[in-house]
Structure formats: C-alpha cells, structure tokens
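Residue numbers (my numbering): 834 to 1046.
One structure below.
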C-alpha cells in the first residue's frame, strides 16, 4: 500500500531529523538512501521496490496493462462523433427539426433537453412535426463555451432517434453554420455507458461549416 510505505518513510525520516537537531554533526550524515534502506529492512522489501511503490497510487504512475479491445469501425464512429461535438462547442444556437417521433420518444428527448439545461422554444412545422430552437441564457448576450459544452453533450442523445435534422449556428472566427441529419450515410455511435459493443449506431451528415451568404 503506497500510503503505508510513505508513512513509514516519512516517520523514519522525521525521527532521524529530530535526532540530528540536537546533534548537528549527525545532520551532515542525513542521507535519503539510508532512510530508505532502513525502512526497506523493516518492511522486508528491497530499497528499489520501496522507492518504486512510494507513489504508485498517483495517476502518473499507473500503467495500463490491458484494455478491452474494440473494432476499428467502432473507434472511427466514436472519433467522428467527437469531431462533431468539438464543432458544437462553438455553437451559439441549435435548430432541431423533428418528424415521426411518437409521444414517448418526444418526452424522452425533452427530458434530455431539460437535463442539459438548454433554453428552448417549440413550434409545430405544419406537417405533424416540431421545430425546436435551443440555446442558453448567456447566448442572449455573448457566446459561451459553457453552453456550447451543453449543446455538444446533448448531441449523442439525438443518435438514439430517427427523423431529425439539426442546424447549428457556430461562432468559429467568422459566423458559420453546420447541418447534421439522421438520414445521411455517415455513421457515429452513441453510448451512454458500458462496453464498446453497447453503442447504438445512427446515420448523420458530416458537419460542414460554411460562411452564411
């Protein structure tokens, strides 16, 4: 246990230091290696193993020994989704067109909109569908990566549904726009949790920012 090792080393070092406070000549001979060797002997381990284990619980010292393998298409789909989310970090507003969703799906979708704290207005499109305008309160005054993050986090939710089209207004240098759709051939994989195989692939269009005319 790294905490136990550190405690033993620090206590031993403190003991040596305190003893040397009354004997200045001993302080000259205070050596780190001697303290480590003393503690290693007490714990019946080698000094090298002791030193290696002192901070083994820190993230920088943790070594990946194995991982659950995934297939290349799944990895590319996740990467594709991350690229689209990266673009939406700069989004100031989203316009979402919905068609063909049943009441249960609509309720689930709007629960997610509220979960991500996105202000929204809803109107009918005259064809039995809905148009949802999404933004955040800060976007009323200035662009904010905080709400861009909320919009980007909302994107995977859409991939569990069919019959949607998403248009984003993006503040990336000059104003730009991008369109995603459930009816285009490119694919991504939405995953809430679990193994790589638990994803739900959906189709969508590549995001193509372009300066508005």
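Here a beta-carbon is modelled for each residue, glycine too, at the ideal position from N, C-alpha and C.
Since we're looking at a predicted model, the values are computed, not measured.
For residue i, which three-state DSSP category applies?
i	result
residue 869	helix
residue 878	coil
Got a sec? Which residues, its chain only, sit under 7 Å from residue i by beta carbon, not counting five neighbours each side?
i	result
residue 884	869
residue 982	922
If you draw a straight line from the alpha carbon of residue i to that of residue j, how long is it in whole angstroms?
i	j	result
residue 1009	residue 1002	6 Å
residue 866	residue 899	34 Å
residue 960	residue 950	28 Å
residue 911	residue 993	14 Å
residue 962	residue 924	24 Å
Exposed or buried, which one is residue i when buried takes at least 16 other CB atoms within 10 Å?
i	result
residue 892	exposed
residue 954	exposed
residue 1015	buried
residue 852	exposed
residue 897	exposed
Looking only at its own chain, which residues have a Cβ that is under 6 Å from the Cβ of residue i, when we skip the five neighbours before and after it?
i	result
residue 998	930, 1014
residue 890	835
For residue i, collect the residues of the same chain with a Cβ closer than 8 Å to its Cβ; drop the 5 residues on either side in sequence, then sort them by chain order.
i	result
residue 842	868, 869, 872, 883, 887
Can you confirm whether the segment 984 to 994 touches the segment 917 to 929 when touching is taken to mean that 3 or more C-beta pairs between the two stretches lie within less than 8 Å? yes
For the segment 901 to 912 against the segment 871 to 887, do three or more pairs of beta-carbon atoms, one drawn from each stretch, fall closer than 8 Å, so that the two count as touching? The answer is no - the segment 871 to 887 does not touch the segment 901 to 912, with fewer than three Cβ pairs under 8 Å.
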